[in-house]
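Asks:
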Amino acid sequence: MSFPIAARLLDACVLSVLGQADAYGYELTQNLQGSLGVSESTLYPVLRRLQSGGFLRTYDVPHQGRNRRYYSITGDGKAQLAQHRSEWTLYRNRIDAYLGSEA
Amino acid sequence: MNTADYLLKLEQELRGLDQYDQQNALAYYSEYLLDAEATGKTDAVDILGSPRSLAAQIRADIAMDGAVQPQSQAQSQPGPQPQSQSDLQPQSGPRPQPQPGPQPQPPSGQWAGGAQATGQAQLQRKSRKQGLGTVWTVVLAILAIPLGVPLAIVLFALIIAVLAVLFAALVTMIAVVVALLVYGLVCSAGGLVLLFTHLATGLFYSGVGLVSLALCVLLAIAFLKLGRLCITGVARFFNAIRKRLQNRERGIK
C-alpha cells in the first residue's frame, strides 16, 4: 500500500475486525498484514493503546499447554468504532473531492 | 535465532521498564512467536527484527502515550475526541458535489493525532525514579568507603608494583647488553694485543671477546622486541581501563 496508515486509522481497522469476531494477536496481525501490509510488530502498540483506552478487553484461552490471549471489543469500543466510521466517511469524501473519479 | 533465545534477549532489552509493561510485551511476543512457529516460521529475527530494535519500538511507544492505566481509570475517557470534533464542524452533512478550489481546513488532523497528555505523567514518574536511583547510588557509595578505599589503594599499589617490575626488567636487559658489549670489546682488544706475545692466550681472549660481542647483538635484538612488547602491553592495559571508565560514565548518564 503506497499511503502510510496513520495510527488512528489502524485503530479503527483493528476495532472493525474485532467487531466481527474475537481474535488473538497472531491471527489479527496476519489478517491486517495481508491487505494493509503492516509489519508484524505494528499491532502490539495498537492493541495496548486500545486496551488501555477501554475499547478492548482480553481473555485467555488454554491452547496446547499455554494460554492464548484473545482480544474482544467492548461497548465503548463499539461506540468508538461507530465514530471512527462516520469520521472516515467524511474524510474519504473530502479526499474523494480531489482524488475521486474524474467526472 | 530461535524463539527462546529471542525472548531472553528481548527481556534483557526491556529491563528498566515498568514490570507490567515488560511482562505484557513479553507475553504478547512469546505467544506471537509460538503461533508463528506453528505455521513454520521459526526464525524470530526474520519475523520481528532484532530484539534490540523491537525493544526500542516498545519503549518508544510507551514513552509516547504513557503507561497502561488501570482499567477502571481508563473507562472514563472513551467517547468523542474534542479536537477531531472541531475539525468536523465547518462542513456538516455529506456534500453531493465535490467543489473545486482550496478548502479552509485540510482534512488531515483527525486521523493523525495521538494521545500525548498521558505522556507527561509518565515522563515525570521516570525522572522521579531516576532521582531516587542517584540517591541510592550516593548512599551505597558512602557505605562502601571503608571497604572501597583500601581496595583502591591495594589496586593502585599493585599497578605501581607491576610497572616497577617491568621497569626493572627493562633496566636489567639494558645493563646485560651494555656489559656484554664492554666485555666483548675489552676482551677482543686485549686478545689482539696478546696475539703477538702469547699466541694461545691471545687467541682465547679474542675468541671470548667475539663470542660476547655476538651474544650482545643477539640479546639486544631480542630485548628490543621484548621491551616493545612490554610497553605496548602496558599502554593497551591502561587504554582498556580508560575505555571502561568512559563507558561506565556514559552508562550512568
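Taken in sequence, the protein lines are chains A and B.
Per our numbering, the first sequence starts with residue 1, numbered consecutively.
Per our numbering, the second sequence starts with residue 1001, numbered consecutively.
Yeah, the Cβ is synthetic: ideal placement off N, Cα and C, and Gly gets one too.
Among all the DSSP beta bridges, which residues are the ones paired with Ala1055/B?
Replies: According to DSSP, Ala1055/B bridges with nothing at all.
Asks: Given Met1001/B, which residues of its chain have a CB within under 7 Å of its CB, disregarding the five upstream and five downstream residues?
Replies: Within the same chain, Met1001/B has close Cβ partners Asp1043, Ala1044, Val1045.
Asks: Can you find a C-beta in chain A that's less than 8 Å from the C-beta of Tyr1020/B?
Replies: It does not: the Cβ of Tyr1020/B has no partner Cβ on chain A nearer than 8 Å.
Asks: For Asn67/A, name the three-state secondary structure that DSSP assigns.
Replies: The answer is strand: DSSP assigns Asn67/A an E or B state.
Asks: So which residues of chain A does Ala1036/B contact, with C-beta pairs closer than 7 Å?
Replies: Those within 7 Å of Ala1036/B in chain A are Tyr26.
Asks: Label Ala7/A either buried or exposed according to how many other C-beta atoms from any shown protein chain fall within 10 Å of its C-beta, with 16 as the threshold for buried.
Replies: Classification of Ala7/A: buried, given that the 10 Å Cβ count is 16 or more.
Asks: Could you spell out the range, first to last residue, of the alpha helix (DSSP H) harbouring Thr89/A?
Replies: Unbroken alpha helix (DSSP H) run through Thr89/A: 75–99.
Asks: Should Tyr59/A be flagged as near chain B, meaning a C-beta pair shorter than 8 Å?
Replies: Chain B, which has no Cβ nearer than 8 Å to the Cβ of Tyr59/A, makes this no.
Asks: If you measure from the beta carbon of Arg85/A to each beta carbon in chain B, is any gap under 8 Å?
Replies: Closer than 8 Å: no.
Asks: Out of curiosity, what's the CA-to-CA distance linking Gly1190/B and Val1177/B?
Replies: So the two alpha carbons sit approximately 20 Å from each other.
Asks: Would you mind working out which of Pro4/A, Ser16/A, Ile5/A, Phe3/A sits nearest Ser86/A, comparing C-alpha positions?
Replies: Of the listed residues, the one whose Cα sits closest to Ser86/A is Ser16/A.
Asks: Measure the CB-CB distance between Asp76/A and Arg68/A and report whether it falls below 8 Å.
Replies: No, the Cβ-Cβ distance between Asp76/A and Arg68/A is not below 8 Å.
Asks: Taking only beta carbons into account, state which residues of the stretch 1024–1035 of chain B come closer than 8 Å to chain A, listed in chain order.
Replies: So the close ones are Asn1024, Ala1025, Ala1027, Tyr1028, Tyr1029, Glu1031, Tyr1032, Leu1034, Asp1035.
Asks: Please list the partners that Gln1057/B has in chain A, where partner means a Cβ-to-Cβ separation under 7 Å.
Replies: In chain order: Ser41.
Asks: Taking 6 Å as the limit between beta carbons, can you name the residues of its chain near Val38/A, skipping five residues before and five after?
Replies: Cβ neighbours of Val38/A beyond the five flanking positions: Leu32.
Asks: Which of the residues in the stretch 1224–1249 of chain B, read from start to end, lie with their CB under 9 Å from any CB of chain A?
Replies: Result list empty, no residue passes.
Asks: Counting only beta-carbon separations shorter than 8 Å, does Pro45/A have a partner in chain B?
Replies: By this cut-off, Pro45/A is an interface position.
Asks: Could you check whether the Cβ of Asp1043/B sits closer than 8 Å to any Cβ belonging to chain A?
Replies: No - not a single Cβ of chain A is within 8 Å of the one on Asp1043/B.
Asks: Quick one: which chain A residues come within Cβ less than 7 Å of Leu1048/B?
Replies: The contacting residues are Glu40, Ser41.
Asks: Between the alpha carbons of Gln80/A and Phe55/A, how many angstroms are there, rounded?
Replies: Whole-angstrom Cα-Cα distance: 7 Å.
Asks: Only counting the same chain, and skipping five residues up and downstream in sequence, which positions put a Cβ closer than 7 Å to that of Ile5/A?
Replies: Counting only Cβ-Cβ distances below 7 Å, and skipping sequence neighbours, we find Leu36, Val38.
Asks: Within a Cβ cutoff of 7 Å, which residues of the same chain sit near Tyr1205/B, ignoring the five residues on either side of it in sequence?
Replies: Result list for Tyr1205/B: Cys1187, Gly1190, Gly1191, Leu1194, in chain order.
Asks: Determine the DSSP secondary structure at Arg1228/B, reduced to helix, strand or coil.
Replies: Note: Arg1228/B maps to helix in three-state DSSP.
Asks: Cutting at 8 Å between CB atoms, please list the residues of its own chain near Tyr44/A, excluding the five before and the five after it.
Replies: Correct list, in chain order: Gly25.
Asks: What's the gap between the Cα of Leu90/A and the Cα of Gly1016/B?
Replies: If you take the alpha carbons of Leu90/A and Gly1016/B, they lie about 43 Å apart.
Asks: Counting only beta-carbon atoms, is Leu1054/B nearer than 8 Å to chain E?
Replies: Among the chains of the structure shown, chain E does not appear; the protein chains present are A and B.
Asks: Is any beta-carbon of chain A found at less than 8 Å from that of Asp1061/B?
Replies: It does: the Cβ of Asp1061/B has a partner Cβ on chain A nearer than 8 Å.
Asks: Measuring only the C-alpha atoms, how far is Leu1010/B from Gln20/A?
Replies: Between Leu1010/B and Gln20/A, the C-alpha separation is close to 33 Å.
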